[in-house]
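Following full-length UniProt numbering, the numbering of the sequence shown begins with 1 at its first residue and continues without gaps. For every residue, glycine included, the Cβ atom is placed at its ideal position computed from N, Cα and C. Okay, so here's the structure we're looking at.
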Amino acid sequence: MVTVTTTRRSALLMGGACVVTVAGLGLAWLLAHPDGPESTAIPANVAVGAAVLLVGLGGLPQLGAVPSSRLVGVVGAIWAVAALTTAWVRAADQAGVGVLRLDVGRFADSAHAGAPDLVAAGCAVLVVGWAVADLITETRIPVAAVAILAGVGLLATSISGHPGQTTWGPVLVGLHALAAAWWCGTLLALAVAVRGRSGWARALPVFSSRAQWAVGVIALTGVIAGIIEIGVGWVLVDTGYGRLLIAKSVGLVILVGIAAWHRSRWLPEVRRHRGSESTAIRRAAVEIAVMAVVIGLAVGLSATAP
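And the structure:
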């Protein structure tokens with residue numbers, strides 16, 4: 001059973017991550033102005049954050065932890081609303097009218113503009129269906145299905161961006177998005193779900209060993225996709241897109257540094273069952289905060305024209 005303390009901790013972690021992600025998106029606006037980001041970045045920011053967490057929650061059994069079905073359902077519902085809102089805003093932009101002036105008929109006519117967001121919304125509804133079935137029926141579909149659905153939704157929206165228009169763009173951007181979602185989403189899911197020293201001693205070493213590969217994929221695909229999209233040189237500082245790409249790269253370097261420090265200091269302590277659960281949460285929260293800023297920058301980048 002989920003205790004009040006556990007519920008409060010989950011709410012604080014997710015709420016804090018959401019606030020910091022919004023701050024990252026605000027930073028993206030400051031850096032990219034006047035080139036972007038587009039208005040769709042606001043709901044898309046929420047949608048991406050929810051999908052990233054669901055990737056992590058769905059993969060928790062592989063790390064020896066079990067996610068709350070109620071939490072999965074709530075996050076899935078948030079994802080569905082955010083994805084539908086993103087599709088609506090995108091359709092309004094396509095139709096050339098205000099968000100509040102768009103009607104269902106015009107939305108249907110312009111729905112092709114927000115098709116990837118509708119795919120994500122469909123995946124989110126299926127996630128909510130999984131949670132409901134798990135709570136009230138004897139159906140026991142593995143929670144890995146949640147991670148798969150979240151991954152499909154992320155892929156649909158990520159590869160429809162600017163780099164996705166090149167030959168190798170969809171592959172690079174897809175790998176980049178999935179690796180980042182697993183890394184960020186899994187750490188947040190661990191902070192929300194793992195209990196006690198033994199839980200962290202069981203889950204963190206597995207996460208740490210796999211995170212190295214995820215970081216390598218993120219760095220490699222990000223560099224190649226950036227070069228393909230806008231090249232190198234002064235264009236990186238002369239355009240909003242380029243400035244966002246630099247900021248995101250700097251954020252990733254800082255994040256890798258924090259992760260390396262945690263691997264050298266925190267991981268040995270956890271393996272020896274030293275340190276309290278609250279200490280583990282604080283250290284994870286620092287890394288999650290930087291991740292949230294980078295996610296906000298990434299969403300801003302995807303909504304900014306090169």
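For GLY296, the secondary structure class from DSSP, reduced to helix, strand or coil, is helix. As the crow flies, the alpha-carbon of ALA133 is around 43 Å from that of GLU229. Taking C-alpha positions only, LEU27 is separated from LEU54 by approximately 25 Å. Distance between GLY240 and CYS123, taken at the CA atoms: about 32 Å. For SER264, the number of other beta carbons within 10 angstroms of its own is below 16, and it is reported as exposed. Secondary structure at TRP183: helix, using DSSP grouped into helix, strand and coil. With contacts defined by Cβ atoms closer than 7 Å, LEU245 and GLY257 do not form a contacting pair. Under the 10 Å beta carbon count, PRO34 is surrounded by fewer than 16 other beta carbons and is classified as exposed.
Minimum Cα-Cα distance from PRO61 among the listed residues HIS112, THR86, ALA23, THR186 corresponds to THR186. Secondary structure within the stretch 81–124: the alpha helix (DSSP H) runs of 4 or more consecutive residues, fully enclosed, are 104–109 (chain order). Under the 8 Å Cβ criterion, the stretch 178–194 counts as touching the stretch 287–295, having at least three qualifying pairs. The beta carbons of ALA179 and ILE224 sit about 13 Å from each other, so the pair does not count as a contact at 8 Å. In terms of CA proximity to VAL81, VAL128 leads the group ALA95, VAL128, LEU172.
In this structure, DSSP gives ARG265 a helical state, which the three-state scheme calls helix.
Listed in chain order, the non-local C-beta contacts of ALA214 below 6 Å within the same chain comprise ALA179, TRP182, TRP183, local neighbours out to five positions each way being set aside. From the listed residues THR85, GLY169, LEU100, the smallest Cα separation to ASP117 is found for THR85. For VAL66, there is no enclosing alpha helix (DSSP H), since its DSSP letter is neither H nor E.
Take VAL192, set aside five residues on each side of it, and the residues of its chain with a beta-carbon closer than 6 Å to its own are SER10, LEU13, in chain order. Here the C-alpha atom of ALA23 lies approximately 23 Å from the C-alpha atom of TRP88. Per DSSP, reduced to three states, the secondary structure at GLU277 is helical. Runs of the alpha helix (DSSP H) lying entirely within the stretch 12–80 and spanning at least 4 residues, in chain order: 41–58. In the structure shown, ARG195 adopts coil according to DSSP, grouped into three states. Counting along the chain, ALA156 sits inside the alpha helix (DSSP H) bounded by residues 144–158.
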